[in-house]
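Asker:
2 protein chains.
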Amino acid sequence: MRDRLKPAGETRGTDVLQRMRADIISCALKPGAKLRFEGLREMYAVSFSTLREALSRLVAEGLVIAEDQRGFVVAPVSIDDLNDLTYVRVLVERECIALAIKHGNDDWEADIIGAFHRMDRLQSRLGSNYYLSAEWAKLHGDFHFSLVAACGSPNLLEIRQKLFERAHRYRRMSSQFRPQWRDKDVEHKMILDSVIARDAAKAQELIERHIRETTENVIKHAGHLFVAADEERHSRAAHVAAE
Amino acid sequence: MRDRLKPAGETRGTDVLQRMRADIISCALKPGAKLRFEGLREMYAVSFSTLREALSRLVAEGLVIAEDQRGFVVAPVSIDDLNDLTYVRVLVERECIALAIKHGNDDWEADIIGAFHRMDRLQSRLGSNYYLSAEWAKLHGDFHFSLVAACGSPNLLEIRQKLFERAHRYRRMSSQFRPQWRDKDVEHKMILDSVIARDAAKAQELIERHIRETTENVIKHAGHLFVAADEERHSRAAHVAAE
DNA sequence: TGGTTTGATTTTTTCGAAAATCAGCATAGT
DNA sequence: ACTATGCTGATTTTCGAAAAAATCAAACCA
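Chains as they are written, first to last, in my numbering: chain U, 5 to 247; chain B, 5 to 247.
1) Using CA coordinates, which residue listed in B:H192, B:L21 and B:T219 is at the minimum distance from B:M123?
2) Between the C-alpha atoms of B:D106 and B:L67, what's the straight-line distance to the nearest angstrom?
3) Verify the CB distance criterion: does B:E57 have a CB-CB separation below 9 Å to chain U?
4) Beta-carbon of B:G108 versus every beta-carbon of chain U: anything under 9 Å?
5) Would you check if there are 3 or more beta carbon pairs closer than 8 Å linking the region 114 to 123 of chain U to the region 164 to 179 of chain U?
6) Determine, using beta carbons only, whether U:I163 comes closer than 9 Å to chain B.
7) Could you check which residue in U:A114, U:Y91, U:G43 and U:A37 has the C-alpha nearest to that of U:R216?
8) Using the beta-carbon count (16 or more within 10 Å), is U:G75 buried or exposed?
9) Tell me the rounded alpha-carbon separation between U:K10 and U:L55.
10) Using a Cβ-Cβ cut-off of 7 Å (strictly less than) and excluding sequence neighbours within five positions of U:A171, which residues of its own chain qualify?
11) Identify the continuous beta strand (DSSP E) that holds B:V77 and give its terminal residues.
12) State the Cα-Cα distance for the pair U:R237 and U:G36, rounded to the nearest angstrom.
13) Using the Cα positions of U:V63 and B:T219, report the straight-line distance between them to the nearest angstrom.
14) Between which two residues does the alpha helix (DSSP H) containing B:V63 stretch?
15) Let me make sure I understand the geometry here. Which of B:V77, B:V199, B:D27 and B:D19 has the alpha-carbon closest to that of B:A102?
16) Alpha carbon to alpha carbon, what distance is there between B:P158 and U:W140?
17) Closer than 7 Å, Cβ to any Cβ of chain B: which residues of the region 91 to 105 of chain U, in chain order?
18) How close, in whole Å, do the beta carbons of U:L143 and U:L126 come, if the pair is a contact with beta carbons under 8 Å?
19) Could one say the Cβ of B:Q208 lies closer than 9 Å to chain U's Cβ atoms, at least one of them?
20) Hey, does U:V63 have any beta-carbon neighbour from chain B nearer than 9 Å?
21) Assuming U:R173 and U:H225 make a contact with CB atoms under 8 Å, what is their CB distance in whole Å?
22) Beta carbon of U:C31, beta carbon of U:M177: below 9 Å?
23) What does B:T15 reach in chain U if we use C-beta pairs closer than 7 Å?
24) Please list the partners that U:D88 has in chain B, where partner means a Cβ-to-Cβ separation under 9 Å.
25) What's the gap between the Cα of B:E97 and the Cα of U:L130?
26) In the DSSP output, what is U:V68 paired with across the bridge?
27) List the residues of chain B whose Cβ lies closer than 7 Å to the Cβ of U:T218, in chain order.
28) Determine the closest residue to B:Y134 out of B:Q208, B:Q180 and B:D85, with distance taken between C-alpha atoms.
29) Rounded to the nearest angstrom, what separates B:D19 and U:V77 at their Cα positions?
30) Note down, in chain order, each residue of its chain lying with its Cβ closer than 6 Å to the Cβ of U:F147, except the 5 sequence neighbours on either side.
31) With burial defined as no fewer than 16 other Cβ atoms inside 10 Å of the residue's Cβ, what is the status of U:S132: buried or exposed?
32) Is there a Cβ from chain U that is less than 9 Å from the Cβ of B:G66?
33) Helix, strand or coil: which one does DSSP assign to U:K224?
34) Restricting to Cα atoms, I'd like to know which of B:F41, B:A154 and B:E57 is closest to B:Q22.
35) Nearest CA to the CA of U:A69: which residue from U:L39, U:D111 and U:S53?
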């Protein structure tokens, strides 16, 4: 089941990278955990070098931290990190969405509406626990990307994407400790409308609030985990693969 | 001469990464050039895996581009890329400097003045061709970093640093085709003064102009190289190590 | 001629063994 | 008792050979 067909021209290292990224975001690999090669080699069924390459790439994405001569560690989570991440995300997303509204054409609008629809439909189908679904998370990511896709700046979009994925790990962490998510779909619809109406200032305002409120919720519901995860790293950073 | 003493705890891969980054920025490895392993292995005297790791990390910095199953290529240069880079840099640097002015303390100010002094002195010593010196480039980078060092956002600083280095390659390219640099030291002094005076709006304005004017100069003096470099990639992307 | 297949060659990617380094523990010296 | 030193086992890092994939060119057919 793990050995699904490789998309044409995809390298094994790239495949491991993606699986590992997913595992870090889903916290199957816990924040702060030591990443020992022997364990990972079994877990992902690849060699040292391939593993090392994937790890190096994850370091660049900020999901893994490397210390020369003493291996790799899953990037720890902390309130400071989350706040900084939020700060930068607000800056970048505001810029992206303003640019997209300026440059976007009809196709761009159509893609947004389509992405929203897909996300909305799956949400209805899944019921109140939609936010635990990996598939919904994917569509949610697609929707947010569609909003800024027409931004026209490859560099800004790339930066945005990396930040989004790091934030995703925090959202994911909190979603497990939260009885009910707030009405995000209402917010999404409002953002959608403001974008289609080409009201840049309003879209910026809404997206900023969307990001900030999510962060507040994460801290409220999962903040207690952060310190624990960090302590774990210092005490017994052990057996990751087993869990 | 190449095998200088390794700083304690530094890994061979990290060492290669740094040498390669320097070579790409200095265009010893030309934009768009195919990076063949056999050649690089001789050039840097390391094994395939180590090389591969360094390359992967450079991909993350945007200095190298990887295509699965068909190797690595030095990131090409183009006017579009430079313009986009400039756009994002203006956004990021403006934010950084405003934050630094807000949060910086006396030590921060002292570091800036020190960094400017070092740069200024070397500049006088080197005379009119200062901008060709690698050492001056280093101090120039240090000065610009010192301006924003107190910004307080690790994420923003990291993004800034990567963008700065990519832009550095463009500056470097143009510097070889330019008879005389403009009076950057005057601009630097003005930025310095506005920062010490804690005039955020002015500092933002000056740094933006500094970046934009540099870009304009690069395009004017080196723009003709960009297309050529790109064509080269398509036609005969050959022997890099030899040159 | 134009386009496709085949096979040899080059280049990239993967592998696991070997070397280097680190962390923990015991021993010796002050 | 306390720091320094040297061992031992665990872990990371490096290596180059072997496997996989792409490229190039000649041969082939329509």
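For glycine and all other residues, C-beta sits at the position ideal for the given N, C-alpha and C. Nothing here was measured: the structure is a model prediction, and the numbers come from that model.
Answerer: A quick look at the data gives this:
1) B:H192
2) It is Lys, not Asp, that sits at residue 106 of chain B in the sequence shown. Cα-Cα distance, rounded: 32 Å.
3) yes
4) no
5) no
6) yes
7) U:Y91
8) exposed
9) Since pLDDT at U:K10 reaches only 43, below the 50 mark, its modelled position is unreliable, and no value is offered.
10) L89 and R93
11) F76 to V78
12) Unreliable placement is indicated for U:R237, whose pLDDT of 44 sits below 50; no coordinate value is reported for it.
13) 30 Å
14) F52 to E65
15) B:V199
16) 31 Å
17) Y91, V92, L95 and E99
18) 6 Å
19) no
20) yes
21) So it is not a contact: roughly 14 Å between Cβ atoms.
22) yes
23) D72 and Q73
24) G156, S157, P158, N159 and L160
25) 43 Å
26) U:V78
27) Per Cβ cutoff of 7 Å: no residues; U:T218 is ~17 Å from chain B at best.
28) B:Q180
29) 21 Å
30) A119, F120 and M123
31) exposed
32) yes
33) helix
34) B:E57
35) Contrary to the premise, residue 69 of chain U reads as Ile rather than Ala in this sequence. Checking every option, the nearest Cα to that of U:I69 belongs to U:L39.
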